[in-house]
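Peer 1:
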């Protein structure tokens, strides 16, 4: 949507709402309403916003899906699942993002000390590769158990039940690639 695109570009440029308002000579509340898709801007307002953001006006009107997506670390979408001690941060777009056609999801995760990724085994129709950045996990894959330390990785085929445990007193961090995307 138009307002969503304006907000994304404003944030990519590192501009606060009031800074864009000052540059465009429009009110912050008006720009906020545009960004939340409450109101449609006039053509002259849209032109002022485009000039202030340094992009062509058609950038806001294009309906084609994005080819490249830049995600600042502070703007990552987070996911906390019930009955889980893990926090997921999406470092790629989520499959639910309709503006981007993605074929995989990349997730940065953190697992609290002495805790499980989840109570039950996870099972999904996607291949997954897990890489441990820092810490140690015990990965249970079906009937097998693997110990993954910093720098280790494991590739899990689709529909393979798995869960993992952090046996240490330190937080574990890692990256998971999932293909095709499931979130």
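Residue numbers (full-length UniProt numbering): 1 to 183. Virtual Cβ for every residue (Gly too), placed ideally from N, Cα, C.
Roughly how far, in whole angstroms, is the beta-carbon of residue 57 from the beta-carbon of residue 46, given that I think they are within contact range, below 8 Å?
Peer 2: Going by Cβ atoms, the distance from residue 57 to residue 46 rounds to 6 Å, so yes, they are a contact pair.
Peer 1: Would you tell me roughly how many angstroms separate the C-alpha atoms of residue 109 and residue 44, rounded to the nearest one?
Peer 2: Approximately 44 Å, taken between the alpha carbons.
Peer 1: Indicate whether residue 28 and residue 17 have their beta-carbon atoms separated by less than 8 Å.
Peer 2: In contact: residue 28 and residue 17 (Cβ atoms closer than 8 Å).
Peer 1: DSSP has residue 37 in a bridge; who is on the other side?
Peer 2: Answer is none; residue 37 lacks a bridge partner.
Peer 1: By the three-class DSSP mapping on this structure, what secondary structure does residue 140 have?
Peer 2: Residue state, collapsed to three classes: strand.
Peer 1: Tell me whether residue 183 sits in a helix, a strand or coil according to DSSP, three-state version.
Peer 2: DSSP places residue 183 in coil when its eight states are reduced to three.
Peer 1: Indicate whether the contact test is met: 3 or more Cβ pairs, each with one atom in the region 152–160 and one in the region 80–93, closer than 8 Å.
Peer 2: No contact exists between the region 152–160 and the region 80–93.
Peer 1: Anyone know if the C-beta pair for residue 79 and residue 183 falls short of 8 Å?
Peer 2: Contact: yes.
Peer 1: What's the call for residue 144, buried or exposed, on a 16-neighbour Cβ count within 10 Å?
Peer 2: So residue 144 ends up on the exposed side.
Peer 1: When you compare only the Cα positions, how much space is there between residue 133 and residue 48?
Peer 2: Roughly 45 Å separates the two Cα atoms.
Peer 1: For the alpha helix (DSSP H) that contains residue 17, what are its first and last residues?
Peer 2: Its alpha helix (DSSP H) spans residues 17–24.
Peer 1: So, is residue 113 buried or exposed, given that buried needs 16 or more other C-beta atoms within 10 angstroms?
Peer 2: That one is exposed.
Peer 1: Can you have a look at residue 123 and say buried or exposed, based on whether 16 or more other CB atoms are within 10 angstroms of its CB?
Peer 2: Burial call: exposed.
Peer 1: Could you work out which residue in 100, 149, 180, 111 is closest to residue 171 when comparing CA atoms only?
Peer 2: Of 100, 149, 180, 111, the residue nearest in Cα terms is 111.
Peer 1: Between residue 136 and residue 118, which are expected to be in contact by the criterion C-beta below 8 Å, what is the C-beta distance as a whole number of angstroms?
Peer 2: In fact, because the Cβ distance is near 18 Å, the residues do not count as touching under 8 Å.
Peer 1: The beta strand (DSSP E) spanning residue 79 covers which residue range?
Peer 2: Note, residue 79: beta strand (DSSP E), 77–79.
Peer 1: Under three-state DSSP, which class holds residue 111?
Peer 2: Strand at residue 111.
Peer 1: Quick one: what does DSSP say residue 131 is sitting in, helix, strand or coil?
Peer 2: Residue 131: strand per DSSP, three-state reduction.
Peer 1: Hey, out of 12, 50, 116, whose CA is closest to residue 25's CA?
Peer 2: It is 50.
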